[in-house]
Structures are given as structure tokens and as C-alpha cells.
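**Q** Residue numbers (the numbering used here), protein chains in the order written: chain A, 9 to 515; chain B, 9 to 515.
Protein chains: 2
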Amino acid sequence: MTGTLTPELESVVARAAAAAPAFAATSPEERARAIVAVADALEDAKAHLVEIGMRETGLTEARLSGEVTRTAVQLRLFADTLVDGGYLDARIDYADSDFALGVRPDIRRTHLPLGPVINFSASNFPFAFSVMGGDSASILAAGCPLIVKAHSGHPELSDATAEVAAAALAGAGMPEGTFQLIHGREAGVEVLKDPRIKAGAFTGSIAVGRLLADIAASRPAPIPFYGELGSVNPVFVTAAAIAERAGEIASGYLTSVAGSAGQLCTKPGFVFVPAGSELPDAVAAAHAAGELPEHRLLDPRIARSFAERRDAILAAQGVRAVIPGGVRFDDAGQGWATPTVVAVSLDDFRVGKEALVEEAFGPLSILVEVPEGTDLAALMPEFYEGNLTGTLHLSAEEATGETANAAELQALVSAIAAQVGRVLFNGWSTGVAVTPAQQHGGPWPATTNDASTSVGTSAIKRFLRPVAYQNAPDAFLPAALRDANPAGVPQAIAPAGESKSWGARWR
Amino acid sequence: MTGTLTPELESVVARAAAAAPAFAATSPEERARAIVAVADALEDAKAHLVEIGMRETGLTEARLSGEVTRTAVQLRLFADTLVDGGYLDARIDYADSDFALGVRPDIRRTHLPLGPVINFSASNFPFAFSVMGGDSASILAAGCPLIVKAHSGHPELSDATAEVAAAALAGAGMPEGTFQLIHGREAGVEVLKDPRIKAGAFTGSIAVGRLLADIAASRPAPIPFYGELGSVNPVFVTAAAIAERAGEIASGYLTSVAGSAGQLCTKPGFVFVPAGSELPDAVAAAHAAGELPEHRLLDPRIARSFAERRDAILAAQGVRAVIPGGVRFDDAGQGWATPTVVAVSLDDFRVGKEALVEEAFGPLSILVEVPEGTDLAALMPEFYEGNLTGTLHLSAEEATGETANAAELQALVSAIAAQVGRVLFNGWSTGVAVTPAQQHGGPWPATTNDASTSVGTSAIKRFLRPVAYQNAPDAFLPAALRDANPAGVPQAIAPAGESKSWGARWR
Chain A
9 MTGTLTPELE SVVARAAAAA PAFAATSPEE RARAIVAVAD ALEDAKAHLV
59 EIGMRETGLT EARLSGEVTR TAVQLRLFAD TLVDGGYLDA RIDYADSDFA
109 LGVRPDIRRT HLPLGPVINF SASNFPFAFS VMGGDSASIL AAGCPLIVKA
159 HSGHPELSDA TAEVAAAALA GAGMPEGTFQ LIHGREAGVE VLKDPRIKAG
209 AFTGSIAVGR LLADIAASRP APIPFYGELG SVNPVFVTAA AIAERAGEIA
259 SGYLTSVAGS AGQLCTKPGF VFVPAGSELP DAVAAAHAAG ELPEHRLLDP
309 RIARSFAERR DAILAAQGVR AVIPGGVRFD DAGQGWATPT VVAVSLDDFR
359 VGKEALVEEA FGPLSILVEV PEGTDLAALM PEFYEGNLTG TLHLSAEEAT
409 GETANAAELQ ALVSAIAAQV GRVLFNGWST GVAVTPAQQH GGPWPATTND
459 ASTSVGTSAI KRFLRPVAYQ NAPDAFLPAA LRDANPAGVP QAIAPAGESK
509 SWGARWR
Chain B
9 MTGTLTPELE SVVARAAAAA PAFAATSPEE RARAIVAVAD ALEDAKAHLV
59 EIGMRETGLT EARLSGEVTR TAVQLRLFAD TLVDGGYLDA RIDYADSDFA
109 LGVRPDIRRT HLPLGPVINF SASNFPFAFS VMGGDSASIL AAGCPLIVKA
159 HSGHPELSDA TAEVAAAALA GAGMPEGTFQ LIHGREAGVE VLKDPRIKAG
209 AFTGSIAVGR LLADIAASRP APIPFYGELG SVNPVFVTAA AIAERAGEIA
259 SGYLTSVAGS AGQLCTKPGF VFVPAGSELP DAVAAAHAAG ELPEHRLLDP
309 RIARSFAERR DAILAAQGVR AVIPGGVRFD DAGQGWATPT VVAVSLDDFR
359 VGKEALVEEA FGPLSILVEV PEGTDLAALM PEFYEGNLTG TLHLSAEEAT
409 GETANAAELQ ALVSAIAAQV GRVLFNGWST GVAVTPAQQH GGPWPATTND
459 ASTSVGTSAI KRFLRPVAYQ NAPDAFLPAA LRDANPAGVP QAIAPAGESK
509 SWGARWR
């Protein structure tokens, strides 16, 4: 159909396209069983998969083992979600001869799967944002054939995961072509351009995400592209919070920065603290109390890039090391890091903004010391574009909303909310709960599409589109829209006769 | 901030940006009162506005008067919708010490307005898709400051409507800058590029819609762009339906094609009928029974373009006139049309596809005569990209789903649904009910974003984005997420302890 695909890729895309009607026609229960079978199979293969993952990524056994569990849990959550059917937002407007604009026909609306989707997997979550990660789980739950582009950082693990998943899906009777794995960025780009592909998902860098988003938007028929890109996750800590629990904040911070060698899109990159506060000393003390082990970075490219960013930050005017940390390279070219925390005054942050504000992907974070009387809410738009998260640490008294600075804190919360997808209080942004209300997204460049989430049950909505049926005979309606509601999904019903009073309450 | 705006446009955008926090902070009830005040004021000014509209657009008094009513009704519907709050999709996940992946924090998710939005209004609905049309209603309901780019086809009406609306909004206490009107395509483009603008809406041609969508996607910070573009709305009529009610189908069809001089994005452009059926004769007979009046086309450019498309279609191989119709131009250059209906065999449709399949914006429609045994479902992807609607006319017996051709009809319904936003049965696609389950959208090029609708209550979702609050003290939560639920909105609550059984039913 396109003439640009290699024979191998052509057959991958053709298989996905051929599978689309059959996969869309599977019942919710059938898809749920298939997805749970994948989850169970991944947990059965955990020891084998984690061993490959440790070798390919340098992440620890504990981290990877927990990530397999997380991956299985989120697959199972999507199995329940897709059968529950609330995400279909099924609506039924009965025919209404008394409608305000003349006779209204019977109109019923549900959501249908988009068709084949390509998912570009991430380097830093070799399970949870990779071959059978959250994006893949929501794509399959939605009923869309899935093509995963493996990340070059863990090709062997990708193949091994794909083998487990493909067997489970086939065993559960899913159509051939429901799930396929490809390797190579160029192959991914060519598939993304193919007219049979109806959406893309991605987790990775701003540069690559932008490249792919531009390709998706400039196709003859543009498609949605859901990229989760970069974030520096600003944090604000009040003087009262530090007075109340400096040690607890310092150790939580250090754990959040150091975990997974800081290679997380939710790592707290900047912490605004009152100038002269004891928090920098508390961070140094927390570090001295229990030295953090050296951790391998994911791959040599990431390590070199982190080392460069770290050097640039340490060289900026007024930057002082609170915890020096470091990066060393072994004979194989792999980089090994210990956490670095630096401090800088707000004035020097302004001077060095260009060098300091860009994401440093690795275990480094910056304390910004802010003079009393600074308008904290104004710092968000001054320094940042969109972010995945923003955090505020308050004292117990401030949390009541009744302290003298309450209005200032409210303004800060509003300013944070205006630029992020998740606002945290008295916690740390790493560790994203997989749960119905989760929002993992945010304004550009945190994501390419801030109306969506890549974690939590709403993630399924990215791969569906609404379709209305007007005056459809029952026999030709999707199950979710039938009067008898055989699928048992939530149906929002608009009765006849209500339209004549629309708006009347507001006169 | 950008350096590219004229001083006048700079002040328009600056006012919208300045209004954003204050407008977002208005209560739902305050916004509802303001929107209902606009609806009431438009109806009070109806006679004056309709008079301007008739002169500028050539549409009839009955049509424009009905359109003012529709516009007022949809504003009032959005007033109720925004107070109801279901569109906020408020979710509360209580903290869960027994969560499958370790302790889950308290997470609560709602939707916040995007910020200033520009809406490019349409030529063919000078009220309902124009200054205070459906897009504007949903933008204001969402709490986003609105800049409308007036359509060049009705500038005076746009100014008059804006004056009425601005006075009503100011009278209801909305912030200065909540609503502004600008003129000129170049001005619209410059505003769309401004970083303070957070989304765009548009109703119009594929060419202009694509241009604007590409601008929105290629900004340094891309924004969502909701364009409703072109559609030819294929219709399929079975032999049994024709045998049952040829006359009724013919007259309904003719009314749908002729209404508003066919200048509707939902006009049925193609009707597939069995070769040798009596429907063409029935259409000619319906036409002969009551001559349709000549109707002025919206503007000389549209009229010239329609005349060219009509000539090309009539010149294509095998095309015969069922109703010849015509276009004439008056001394002022305005075009006046009577409806044209042509018929062509499926074979000749294939030969002339390039000339025939493109939208003819005006009162013209094509009957395609299909040999017995043709796979109807395959015609959708063979001839069409995305469409707003697709229609099937069945006999009463076929509607039971128990006739010999039921599987074939099911396949056709699935094929239609795969390419449209609304599937109709035994009706006509013009006349789009403004109601909760409505879906006015469809895959490219029907729209730039087929996950959304521009008619119906879901339209408000286009101008909101989700934000989650983690462990937020009650005092810092939006009203929709508080335990006491002072706003009285639907809240979906995930209790603690449920995660350990996720997926267990599907083993």
C-alpha cells in the first residue's frame, strides 16, 4: 500500500491491519482473559527475564523484579477496566418528540478501537514502559492490534518478553497479528508513516518524541501521537515544613533522586528552599549517614550525556556541591554514578538558567535558594514549561489552609497545577501509582498531548474514538448501547422531554 | 512575548491571557449564568441579527431564525452541562496501605481549563458554528478565554453578534478579556502561533483546516487543534428498502440535498443503490411533484467552486442527470443554484473516481448504481477516507437482523462505523441534534482529531486537561475533589483494598 516498507515490515503492518476487525470483535471478557494470561506468564518467567534485564540495563534485581510485578498488576487492572466498560462513556438519548429543536432521533454513542497502533518503548523501564508495559496494556485492552518498537537498550529482553506475551495471547485465542515486535528506529519511523497505522505511543526524550510527533502530524492522514517526554519536576519547600521535619524531607529527597540512578522522568530536578535554610545541611547529613551505592547508568550514551550535563551544572556561576557525587566509566564504556546534589542562589539560577534548567537524566538535583519575599508562583512560568509533576512541602499547620501565607500558597498551587499533570503534597514524585485517578502527563514538553495519561485506567481512552448510532435497530447496535445492556456497562441515559428546561435554572 | 503580533493583536492576546486565571476561577454557576445570559440576549436580538445574516449569507429567514434558536439552546445545554460536572470525570482513589504495589497515596483527578483558545468560525452556519456557536459555547463553558476569528462571509453579523455577547458576559460579571473578536485570516494565524494560546477550533475546508492544523502542530509548543473539515456522507439503500418505500426515501433525500442549498458538511453526497432500482425515477418524480426554489449560494467564491465541481461531475464518463439543476450568476457575482442529482454505474464511478469522489459543496448528489453481488462493505475503504456520517436504509424486515442478508448488512455497518463518527439508519445526515450522545466528528479528513466531537455535550472536553492531586490537604483541593463534594459533581471513588483482586476473575 505504501511502497516504502521493506517486505518484512510490510508483512508486519499487513498482519496488524488484517487482525484489526477480528481483534475489535473479541468480547471484553475474551480480551481480559488474554491480558491476564500475559500478566501471569510474565510473572512465571520473572527470574529468567530479570536476569536478562539486569545484564542489559544495569538496573538492580530488586528494581526489575518489582517492575515485573508492577507490569503484571497494570495488565490485570486493564483487564478489569475493559470489562467494566465505564471508559466507553456509553450514552443513550432516547428519541424525543418534545425536543427543543424539533423531533430528536434516538442517538447512542460509544467508543470503538482506532485500529493498529505502534508503541515505541522506553529505555528506563524495560518492563513497565516497554514491550508489555502500560502503553501496550492499554492498546491491547482497547482492542487495537499492537506493534512494539523495541528499545535498543534491551533488545534481548524485548525478544524474550515478546515471546512470552505472544504465546499467552495465542493461547488465549487472540487473532494472529494482535501483537508483533520490531527492532530499529528507522523501521519504527516507516511503520509510523504507514496509512494503516492509526496512532502512536512513545516514552523517551524530547528530541526523539518531537521528531516522531512531527511525523505523525505531517502524514497525509495525521494520527494522534502520545509521547511522554521530558520533565524536571520542580519542588517547593516552605520554611515551616523545614522547621518541622528537615531530616525527613532530606532523606526522602535523596532516596527519590538516587533511585534507579535518577533515570526517571519523575525525578525531582529542582527544589526551591528558603535562602539560609538548614535543608542543604540536612541533605548532606542524610547522605553522610548512609552512603549510597554506585549505580550503573542504562547505557554509555546516557552516561556520557549525564556526565556532560553534570559538568556544565557544576561549572555554572554560584553552584556549590552539597553532595559531590560523580561518574566514572569502566573499560566497557559503561558509566557508573553516585548522586550529586548542588545548591545555587535564585540570582545565580537566573544567570545560569540556560545551563541549569534543562533535564539532567541521572542522579543529580539542584537546590535553589530563594530570598524571603520572592513570589513563588511566578517562578513556575519564569523557569519552566510543562512538567509531569510539581510538588509542595508544607507544615501541618500550613496544610490547614489557615495560616497567614495561605493565599500565597494557594497561588503557588494554582501556578503549579497550570503547568503540570500531577500536584503532590509532602511527598516525592518518583513512584507513580497505577490506579484509576492517576495522571501521568502534562503540558508540552512533558508530553505531546496533555489531555491524556500514560499511567492509570484513563490511558485506554487514547486508543478509542467515539461513534454515534442514530435510530439504529437493536440488532445492529454494539452491545454497550443496547437497551437490554447485555455487557452490563454504565449507560448515561438522557430521557425525552428534558431539553425544554435547559439553562432555565440560571436566569 | 512573541514580537510578531501587531500592537492590536498583542493586546487581544494579552487580555485573553490575563483573563485566564480569573475566568478559570469563576464558579460553575457563575459561568452558567453568563452563558444563559448570552443565549437570552441573542434571542432578544434575533430579528436584527437575522436581517443582517440574510443579507450577508443568502440563507433564508426560516433557516437563520431556526439557527438562532439552536444556538441559544446549545448555549443553555452547556450551562447545565458545566454545572452538572460529569465532564470533569472526577476520580478519588483513597490512600491504600494494602495496595498491590505497596502503599498507595491518596490521588484525586479532575480537569482544568486549558487557557486562551482561538475559534475560527464557519461560513455556512453564521450563528451555530460562528461567533457564539457550539465551539464558542464549549470553550466558554470549559472556562477558557475565547478569541473568535470572524468568518469573512459575514463580518457585519459577526460584529453584531459579538456586541450582544460581550455585553451579556460583562453584565454577568465575567472578567474583561473573556471574549474577543478579531477579523482576518492572517490575524487568526498569528494568534494561533502565539505561545499564550492553548488550543484552536475550526470549522471549514480541508485545505484551510490542514494549514491551520499544521501550524498548531509545528509550534515550538504544539497545541491541540480541533478542525471539522470535509465530508461526503455515503448512503447505502437496500433493494428491500426501496421496494418498501421508494417515494419516502426519494423525497427525504431530495430535502436533505437541497436544504441550505446543500452547503452543509453533512449533505448526503453519494447514495449507493442496486443497479436497475426505481430510486432514480422516484427522485425525479419527487422533484417534479414540487419544484425546489432557487437558492443563493453563500458567496461568489463558493458558487464558482460549486459550478466548477458540478461541470466536472456532469462531464465524467457515464454520468447522467436525474435532476439537472443549475447554477447562474447575477450581476453582483452571486451564484444561485437549484439542486442537481446525477446517477452513475459503479464501473463508471471507478473510472471517474478522481473527478467524482471529492466533495461538491452545494446542492448536488450522486446516485451510484451497484450490480447485484457487490461487496458493499468493501466500497467504503475503496472510495472514501474519513467521513462525519454514513447511512444505511433498510426494510423493516431487514432491521430485525434476521434476514438472509443479515451478515452482509452487519459487515456493512461495521465498515461504515470504521470510517465515520455517526452511523444513521433510515434517516438523513443533515440536521445534527444537539444532545449528550451526539458525535459530530470522524477520521481524517472529516476532522483533524477524531477522538472529539464539535456538537453535543462532550465537545467541552476538548478544552480541558486532566490534573491529579496527590495527598493534597482538603484546603488545597479543587471543589470537585473534596470529600464533602460542595460542587455536587459525580465522583468515581476507588476504595482501598481492591487492587489485590484485579484480574482474578479472568483466570
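Note that CB positions come from ideal geometry on N, CA and C, so glycine has one too.
For G381 (chain A), does the count of other Cβ atoms within 10 angstroms reach 16, so buried, or fall short, so exposed?
**A** When all chains shown are included, G381 (chain A) counts as exposed.
**Q** Please state whether DSSP places D339 (chain B) in a helix, a strand or coil.
**A** Correct three-state label for D339 (chain B): coil.
**Q** In terms of DSSP beta bridges, what is K508 (chain A) paired with?
**A** Bridge partners of K508 (chain A): none, in fact.
**Q** Kindly indicate if chain A contains any beta-carbon less than 7 Å away from that of L287 (chain B).
**A** False, the Cβ-Cβ gap to chain A never drops below 7 Å.
**Q** Please report whether the beta-carbon of Q499 (chain B) lies at a distance below 7 Å from any beta-carbon of chain A.
**A** Not closer than 7 Å to any Cβ of chain A, the Cβ of Q499 (chain B) fails to qualify, so no.
**Q** Between P230 (chain B) and chain A, is any beta-carbon pair separated by less than 7 Å?
**A** So, interface residue.
**Q** Indicate whether F278 (chain A) and V378 (chain A) have their beta-carbon atoms separated by less than 7 Å.
**A** Not a contact, by the Cβ cut-off of 7 Å.
**Q** Do T443 (chain B) and R5 (chain A) count as a contact pair if the criterion is CB distance below 7 Å?
**A** In the structure as shown, chain A begins at 9 and stops at 515. Residue 5 (chain A) is therefore absent and cannot be evaluated.
**Q** Is there at least one Cβ from chain B nearer than 7 Å to Q427 (chain A)'s Cβ?
**A** Chain B contact via Cβ: absent.
**Q** What does a CB cutoff of less than 7 Å around Q446 (chain B) pick up in its chain, not counting 5 residues either side in sequence?
**A** These residues qualify, in order along the chain: V440, T461, V463 and G464.
**Q** What residue from A:S259, A:E75 and A:A425 has the CA that sits closest to H119 (chain B)'s CA?
**A** Of A:S259, A:E75 and A:A425, the residue nearest in Cα terms is A:A425.
**Q** Quick check: is the beta carbon of W436 (chain B) nearer than 7 Å to any beta carbon in chain A?
**A** Not one chain A Cβ lies under 7 Å of W436 (chain B).
**Q** Under 8 Å by Cβ, that's how I've got F433 (chain B) and G370 (chain B) pegged, so tell me the actual separation to the nearest angstrom.
**A** With 8 Å as the limit, F433 (chain B) and G370 (chain B) do not qualify as a contact, their Cβ atoms being about 27 Å apart.
**Q** Which whole runs of the beta strand (DSSP E) in the stretch 76 to 140 of chain B are 3 residues long or more, in chain order?
**A** Counting only runs of 3 or more, we get 98 to 101, 115 to 121 and 125 to 128.
**Q** Verify the CB distance criterion: does L34 (chain A) have a CB-CB separation below 7 Å to chain B?
**A** Sequence check: residue 34 (chain A) is Thr here, not Leu. Output row for T34 (chain A): interface = no.
**Q** Is Y95 (chain B) near I468 (chain B), with beta carbons less than 7 Å apart?
**A** In contact: Y95 (chain B) and I468 (chain B) (Cβ atoms closer than 7 Å).
**Q** Does any residue of chain B bring its CB to less than 7 Å from the CB of D307 (chain A)?
**A** No, D307 (chain A) does not count as interfacial toward chain B.
**Q** What residue does the beta strand (DSSP E) around F280 (chain A) start on, and which one ends it?
**A** It spans F278 to P282 - the beta strand (DSSP E) in which F280 (chain A) sits, taken as one unbroken run.
**Q** Counting only C-beta atoms, is A248 (chain B) closer than 7 Å to chain A at any point?
**A** Chain A, which has no Cβ nearer than 7 Å to the Cβ of A248 (chain B), makes this no.
**Q** With three or more beta-carbon pairs closer than 8 Å as the criterion, would you say the stretch 148 to 156 of chain B touches the stretch 123 to 133 of chain B?
**A** Yes: the two stretches touch, three or more of their Cβ pairs being nearer than 8 Å.
**Q** Can you tell me which residues form a DSSP beta bridge with P474 (chain B)?
**A** Per DSSP, B:H119.
**Q** For chain A, find out if any of its Cβ atoms is closer than 7 Å to the Cβ of R5 (chain B); answer yes or no.
**A** In the structure as shown, chain B starts at 9 and stops at 515, and residue 5 (chain B) therefore has no counterpart that could be examined.
**Q** What whole-angstrom Cβ distance do F31 (chain A) and G196 (chain A) have, given they're in contact under 8 Å?
**A** Not really, about 21 Å apart at Cβ, beyond 8 Å.
**Q** Mind pulling the chain A residues with CB within less than 7 Å of I100 (chain B)?
**A** Near I100 (chain B) (Cβ distances below 7 Å), the residues of chain A are A445.
**Q** By alpha-carbon positions, which one of B:A55, B:T246, B:Q325 and B:P498 ends up nearest to A414 (chain B)?
**A** The option with the nearest alpha carbon to A414 (chain B) is B:T246.
**Q** Rounded to whole angstroms, what is the Cα-Cα separation between A407 (chain B) and A248 (chain B)?
**A** Roughly 11 Å between the two C-alpha positions.
**Q** When burial is assigned at 16 or more other CB atoms within 10 Å of the CB, is E75 (chain B) buried or exposed?
**A** That one is buried.
**Q** Measure from the alpha carbon of L400 (chain B) to the alpha carbon of each residue in B:Q271, B:F244, B:M182 and B:A480, then state which is nearest.
**A** Ranking B:Q271, B:F244, B:M182 and B:A480 by Cα distance to L400 (chain B) puts B:F244 first.
**Q** Following the continuous alpha helix (DSSP H) through Q325 (chain A), name the residue where it begins and the one where it ends.
**A** Where Q325 (chain A) is concerned, there is no enclosing alpha helix (DSSP H), given that its DSSP letter is neither H nor E.
**Q** Short check: CB of A504 (chain B) to CB of R99 (chain B), under 7 Å?
**A** Not a contact, by the Cβ cut-off of 7 Å.
**Q** Looking at the strands, I want to know which residues DSSP matches up with T399 (chain B).
**A** Its beta-bridge partners are B:V243 and B:L432.
**Q** Which residues in chain B have a C-beta closer than 9 Å to the C-beta of I115 (chain A)? List them in chain order.
**A** Those are R430, A441, T443, P444, A445, Q446, Q447 and G464, listed as they occur along chain B.
**Q** Taking just the CA atoms, how far does A487 (chain B) sit from T438 (chain A)?
**A** Rounded to whole angstroms, T438 (chain A) to A487 (chain B) spans 27 Å at the Cα level.
**Q** Hey, how far is the Cα of V20 (chain A) from the Cα of S507 (chain B)?
**A** V20 (chain A) and S507 (chain B): Cα-Cα distance of roughly 36 Å.
**Q** Answer with buried or exposed for A27 (chain B), where buried requires no fewer than 16 other C-beta atoms within 10 angstroms of its C-beta.
**A** Classification for A27 (chain B): buried.
**Q** Counting only C-beta atoms, is D88 (chain B) closer than 7 Å to chain A at any point?
**A** Cβ-Cβ to chain A under 7 Å: yes for D88 (chain B).
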